[in-house]
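I have placed the structure first, in the form of structure tokens, so that the comments after it can refer back to it.
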Amino acid sequence: MVTSTDVRLPDGGVLRAHDSGADAPGAPVLAWHHGSPQTGAPLEPVLAAAAARGIRVISYGRPSYGGSTARPGRDVASAADDLAAVAEAFGVTGLASMGASGGGPHALAGAALRPGLVRAAVTLAGIAPRTDAYDWFDGMASPDGLRAAMRGRAARAAFAETDEFDPTQFVAADYAALEGGWASLGADVGRSDAFGPDGLIDDDVAFAAPWGFDPAAISVPVLVVQGALDRVVPPAHGAYLASVIPGAELRVRPDDGHVSVLDAVPEAMDWVLAKLR
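Reading the sequence shown from the start, the letters are residues 163 to 439 in the working numbering.
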């Protein structure tokens, strides 16, 4: 059973946090970092795969998501302190960090800045830092939100007022996943609407700005999982992350897009368990 609580932060804000195993203190722990936008509650396939492996899952909604307090101007690096606060509240002293899509950079933040807490990290379809090493936007079906974010929060908020979902972002495998095993993801995205657009706006601004840490400084094991057909976060992002993070392992799934790549979660958990042993 997943329990939820509000973790109070030093600035008076709260993070709505979730724990699948408060009664299993000896289990290996995985921190799940949600995509953009979602509520932060762990998704059913994540919980099922974790339960089959005896893994305890903790997660939280980033600021403005799922009941967490707004924090305009946050950078990606701030997720490291947020995760540390959630882990402390749940009595967790060591864990692996896994993030999908917009959660990928935030999973890496803990790996870079809290290596004593985060022992290994996984990104699935995770966006890479903006860099001149390659065309950051090349292959994105709908890059306009991130282009607006480069001009600042006001520009990204103005874009949100007229933004509409572009169905060409997803390939056939993505739609099959949303109709099948990952239907809970679509449902959670729908629930996130109740909390407004600020979480997604702040995520995009953080992605397009300096992250606050250098992925090349990560010293813990990292697995980068990427769909070759991804039109939201193109394959070049995964390749770049794997090239700059020391010792990172890249697994490219040739038939997957942005959502269907999540079918790699069980094998990514197996990788995590091997690293935590």
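Built from N, CA and C at the ideal position, the CB exists for glycine as well.
For clarity, every value in this text was computed on a predicted model and none was experimentally measured.
Considering L177, what are the terminal residues of the beta strand (DSSP E) in which it resides? Taking the first residue of the sequence shown as position 1, residue 177 is located at position 15. Element bounds for L177: 176-181.
Pick from T255, R215, M260: whose alpha carbon is nearest that of S221? For this step, residue 221 is matched to residue 59 along the sequence shown. Ranking the options by Cα distance to S221, first place goes to M260.
Helix, strand or coil at D173 according to DSSP, with G and I counted as helix: Reading the sequence shown from its first residue, position 11 is the one you call residue 173. Coil at D173, not helix or strand.
Using only the alpha-carbon positions, how far apart do S240 and A273 sit? Residue 240 sits at position 78 when you count from the first residue of the sequence shown. Residue 273 sits at position 111 when you count from the first residue of the sequence shown. Their backbone Cα atoms lie some 12 Å apart in a straight line.
Can you tell me which of the three DSSP states P387 falls into? For the purposes of this step, residue 387 is taken as the residue at position 225 of the sequence shown. First, the residue type needs correcting, since residue 387 is Val and not Pro in the sequence shown. Here V387 sits in strand by DSSP.
So R353 and T201 are supposed to be a Cβ contact under 8 Å. How far apart are they, rounded? As a first step, residue 353 must be located in the sequence shown, where it is residue number 191. As a first step, residue 201 must be located in the sequence shown, where it is residue number 39. 5 Å between Cβ atoms; contact.
At the level of alpha carbons, what is the spacing between M174 and T324? Locating residue 174 in the sequence shown gives position 12, counting from the first residue. Locating residue 324 in the sequence shown gives position 162, counting from the first residue. Note on residue identity: the sequence assigns Gly, not Met, to residue 174. Using only the alpha carbons, I get a separation of about 33 Å.
So what does DSSP say about R318, is it helix, strand or coil? Residue mapping note: residue 318 aligns to position 156 of the sequence shown, counting from 1. In the structure shown, R318 sits in a helix (DSSP, three-state: H, G or I).
Cα-Cα separation, P359 to T330: As a position in the sequence shown, residue 359 is number 197, starting the count at 1. As a position in the sequence shown, residue 330 is number 168, starting the count at 1. Each residue's Cα considered, the two are about 21 Å apart.
Do D364 and R233 have their C-beta atoms within less than 9 Å of each other? Position 202 of the sequence shown holds residue 364. Position 71 of the sequence shown holds residue 233. Yes, they are a contact pair.
Evaluate contact between the region 332-349 and the region 388-407, counting only Cβ atoms and requiring at least three cross-stretch pairs below 8 Å. yes
Considering only the alpha carbon of each residue, which of G265, F375, A210, V367 lies closest to A287? Here residue 287 refers to the residue found at position 125 when the sequence shown is read from its first residue. When only C-alpha atoms are compared, the closest one is G265.
Spatial distance of V169 from R178 (CA atoms): Along the sequence shown, one-based indexing puts residue 169 at 7. Along the sequence shown, one-based indexing puts residue 178 at 16. Computed Cα separation, rounded: 6 Å.
Mind the definition here: the region 403-412 touches the region 191-211 only if three or more C-beta pairs lie below 8 Å; say whether that holds. no
Quick check on DSSP: helix, strand or coil for G256? Numbered from its first residue, the sequence shown carries residue 256 at position 94. Looking at G256 - three-state DSSP - the assignment turns out to be coil, as it is neither helix nor strand.
Please state whether DSSP places A242 in a helix, a strand or coil. Here residue 242 corresponds to residue number 80 of the sequence shown, with the count starting at 1. Three-state DSSP puts A242 in a helix.
For the beta strand (DSSP E) holding A283, just list the boundary residues, first then last. For the purposes of this step, residue 283 is identified with residue 121 of the sequence shown, where counting begins at 1. Run containing A283: 280-286, per the beta strand (DSSP E) assignment.
Does the region 249-257 touch the region 202-214, meaning 3 or more C-beta pairs lie closer than 8 Å? no
Counting only the same chain and skipping the five closest in sequence on each side, list residues whose C-beta sits under 8 Å from that of D366. For the purposes of this step, residue 366 is taken as the residue at position 204 of the sequence shown. For D366, where only same-chain residues beyond five positions count, the Cβ hits under 8 Å are S198, G307, L308, A310, A311, R318.
Can you tell me which of F369, A210, V421, G256 puts its alpha carbon nearest to the alpha carbon of V387? Within the sequence shown, residue 387 is the residue found at index 225, counting from 1. Out of F369, A210, V421, G256, V421 has the C-alpha closest to the C-alpha of V387.
Among V284, D237, A184, D300, which has the Cα closest to the Cα of V248? Taking the sequence shown and counting its residues from 1, one reaches residue 248 at position 86. Among V284, D237, A184, D300, the Cα nearest to that of V248 is on A184.
I'd like the list of long-range same chain contacts for G256, defined as Cβ closer than 6 Å, with 5 residues on each side in sequence excluded. For the purposes of this step, residue 256 is identified with residue 94 of the sequence shown, where counting begins at 1. Around G256: R281.
Looking at the secondary structure, which residues open and close the beta strand (DSSP E) in which A232 lies? Counting from one through the sequence shown, the residue named residue 232 turns up at place 70. Neither: A232 is in no beta strand (DSSP E) and is coded neither H nor E.
Please state whether DSSP places I363 in a helix, a strand or coil. Start at 1 with the first residue of the sequence shown, and residue 363 comes out as number 201. DSSP places I363 in helix when its eight states are reduced to three.
Return the chain-ordered list of same chain residues with a C-beta closer than 8 Å to the C-beta of L209, the five sequence neighbours on each side being excluded. The count along the sequence shown starts at 1 and reaches residue 209 at position 47. Around L209: V164, S182, V219.
When DSSP labels each residue in this structure, what does Y296 get in the three-state scheme? Position 134 of the sequence shown, counting from 1, holds the residue named residue 296. Of the three classes helix, strand and coil, the one that applies to Y296 here is coil, per DSSP.
CA nearest to the CA of D379, picked from L403, K437, R292: Position 217 of the sequence shown, counting from 1, holds the residue named residue 379. Just to set this straight, residue 379 is Ala in the shown sequence, not Asp. Checking every option, the nearest Cα to that of A379 belongs to L403.
In whole angstroms, give me the CA-to-CA distance for T285 and A271. Indexing the sequence shown from 1 puts residue 285 at position 123. Indexing the sequence shown from 1 puts residue 271 at position 109. Looking at the two C-alpha atoms, the distance is approximately 11 Å.
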